[in-house]
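Novice: With mature numbering (1 follows the signal peptide of the UniProt record, and there is no 0) applied, the sequence shown covers -18 to -1, 1 to 502.
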Amino acid sequence: MKNARWSFMLLFVVLLLAACSSESKESSGENTSEIEVEDRENELVIGVPGDPQNWDPIDTFLLDWSTVATSVFEGLVDRNLDLELQPGLAESWEYVDDTTLQFKLREGVTFHNGEPFNADAVKFTFDRLLGEEGAQGPQQANYTSINNVEVVDEYTVNFNLSEKDPVLLTKLAGYGAVIVPPKYIEENGDEHFNTNPVGTGPFEMTSYEQDRNAVLEKNENYWKDGIPKLNKVTFRFIPEASTRLAELQTGEIDIMKRVEISQVESLTDHPSLSVEEVGTPTAYSLRFNTAKEPFDDKRVRQAVNYAIDRDAIIEEILGGYGKKISTFQSELSFGNNPDLEPYPHDPEKAKQLLEEAGVAEGTEVDIFIPGNDGNFKEITQVVSYYLEEVGLKANIESVDSNTLISDLIPSGEAGHMYRQGWGGWTLDFDNTAYLMYHEGEHWNPSFYDEEVEKLLEAERTTVDQEKREEIFMKLTERLHELAPEANLYSEVALYAVHDRVKNFQPPHEDRMRLEEVTVE
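1. Let me check one thing: in DSSP terms, what residues is Met238 bridge-paired to?
2. Just to confirm, is the Cβ distance from His424 to Pro392 under 8 angstroms?
3. Can you tell me the Cβ-Cβ gap for Val149 and Thr408, rounded? I've got them flagged as a contact below 8 angstroms.
4. Pick out whichever of Asn142, Asp431, Trp404, Leu314 has its Cα sitting closest to the Cα of Lys280.
5. Is it buried or exposed for Gly96, if we count other Cβ within 10 angstroms and need 16 for buried?
6. What are the partner residues of Ser267, as DSSP defines its beta bridges?
7. So who's on the other strand from Arg450, going by DSSP bridges?
8. What number of angstroms, rounded off, separates the C-alpha of Asn357 from the C-alpha of Pro98?
9. Looking only at DSSP bridge pairs, what is Ile296 linked to?
10. Taking the C-alpha atoms as reference points, what is the distance between Leu255 and Thr152?
11. Restricting to Cα atoms, I'd like to know which of Gln121, Glu132, Asn176 is closest to Tyr157.
12. Any idea which residues DSSP pairs Lys86 with across the strands?
13. Is there contact here, the stretch 261 to 270 with the stretch 399 to 407, by at least three beta-carbon pairs under 8 angstroms?
14. When the Cα atoms are used, what is the spatial distance from Thr52 to Gly233?
15. Give me the Cβ distance between Asp33 and Phe219, rounded to the nearest whole Å; I'm assuming they're in contact under 8 angstroms.
16. Which stretch, first to last residue, makes up the beta strand (DSSP E) that contains Tyr190?
17. With a Cβ-Cβ cutoff of 8 angstroms, do Gly394 and Ser428 count as a contact?
18. So, at 6 angstroms on beta carbons, what are the nonlocal neighbours of Pro221 in its own chain, with the 5 sequence-adjacent residues on each side left out?
19. What span of residues does the beta strand (DSSP E) with Ser380 cover, start to end?
20. Per the contact definition of three or more C-beta pairs closer than 8 angstroms, is the stretch 472 to 483 in contact with the stretch 300 to 314?
21. What number of angstroms, rounded off, separates the C-alpha of Val197 from the C-alpha of Glu173?
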């Protein structure tokens, strides 16, 4: 049970944050009158929080990249807004044998620069992804089961596999495996491609200003008849949620991505705006640097888990827009263990474990979070009070989001704890688990466990889904015990949409699909 002191403290924090949110809403110029949009006939403007600053698909793992670039690039396999796999640039595929996956390619498709899409483009894409260039980025690790791509004829390719890969098709539907134009890259170089991307998608990027906007225009030669419906889409990079809201309320943008909980009230019953919610595979945690004391001791990591009241965070800070998780995945993920309960809120158990581990009262720990995530800032402030209750003093460090994700976390310099958000884009725990817990991976600077390594290897060497599920149950139990992070919740994403926008469906996985969207 919560003690009286903590109940008072939580009430104080929630009231303080609510007051701050109220001030933010007042400063945003909130009003409830209808919003008129002028001079944007058949054009859409979307406010998004992050600029990935590099549009080369092999150089990124950012969901902010996929929000924009899903309209520019395409892969052999596609996944629709209902998360179902379907043909993309490949019309069909089949396993010729256990280690040969053959694709029949779509004919008559061209890149935005007029270059033809064919088997040579597929081979070039994967030679690049699996070669020296790809080794410098985070995507390559997803596709190491591919030994090579062999051109059979102009519109047929064989993927020769070095090992079984039970989730290869779903990974090929991911944004790291989109097909890129060989001639364009060879003539212009990688640096040019970083800021001037060319794909086969329904829109082509005609302008990009770093930290300001990316302009996409209709691909007049798109291979699907009748789409896209829009002539132009502008993504404006607006890190501050309060600014995105103000731009929405004044008619400067039509869709706002990542509405914060504190902003929902100001949008409720607005005559021109609506809030749309969607469950996601995205999970959030506070991950531990297990190489740093005191978090090299699993008892301390477990203590932090016991210290945190996830129910209170979800209800009081997230307004109910979140679901508790026991491991670093959502309920949409294959491999989620429905029988594994999240750590209960038990401050006394936390104190006991800290005492057993010899952690002194008042020990300081640094928590690194991205400065542009207002929701998580509030959560971390509340977590700091939970930690204080059990004898730990938390120092919260807000840093640039790209710096945190791309530099500090991989180098092990993101403090004792840091916000870790993960899109779970394959809807299979394999991707998350391998990249988070396998030794030496890009975003795993410190965690290692021999049993975890064996289980990861075992689930990747069979395509029998029942066997894989059994392995995942053992893996989740082991990870729950070792507590490499304090798992908090899976996200319910919130979008604000002007009523002039029609046929927009908020994506489960951040990858906006705009082909069928229209505006009035």
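The beta carbon of each residue, even a glycine, is placed where N, CA and C say it ideally should be.
Specialist: Taking the coordinates as given:
1. Gly29, Ala478.
2. In this structure, Pro392 lies closer than 8 angstroms to His424 by Cβ.
3. Indeed, because the Cβ distance is near 6 angstroms, the residues count as touching under 8 angstroms.
4. Distance check between Lys280 and each of Asn142, Asp431, Trp404, Leu314 places Asp431 closest, using alpha-carbon atoms only.
5. That one is exposed.
6. Per the DSSP secondary-structure output, Ser267 pairs in a beta bridge with Gln402, Asn469.
7. None; Arg450 has no bridge partner.
8. Between Asn357 and Pro98, the C-alpha separation is close to 45 angstroms.
9. None; Ile296 has no bridge partner.
10. Each residue's alpha carbon lies about 35 angstroms from the other.
11. The candidate whose alpha carbon is nearest that of Tyr157 is Gln121.
12. Answer by DSSP bridge pairing, in chain order: Ser74, Thr138.
13. Judged by Cβ distances under 8 angstroms, the stretch 261 to 270 makes contact with the stretch 399 to 407, as three or more pairs qualify.
14. Cα-Cα distance, rounded: 25 angstroms.
15. Yes, they are in contact, since the Cβ atoms of Asp33 and Phe219 sit about 4 angstroms apart, within 8 angstroms.
16. Under the DSSP assignment, Tyr190 falls in the beta strand (DSSP E) whose first and last residues are 185 to 191.
17. Taking 8 angstroms as the Cβ cut-off, Gly394 and Ser428 qualify as a contacting pair.
18. Around Pro221: Pro31, Asn354.
19. From DSSP, the beta strand (DSSP E) with Ser380 extends over 374 to 381.
20. Cβ pair count under 8 angstroms is three or more, so yes.
21. Approximately 19 angstroms between the Cα atoms of the pair.
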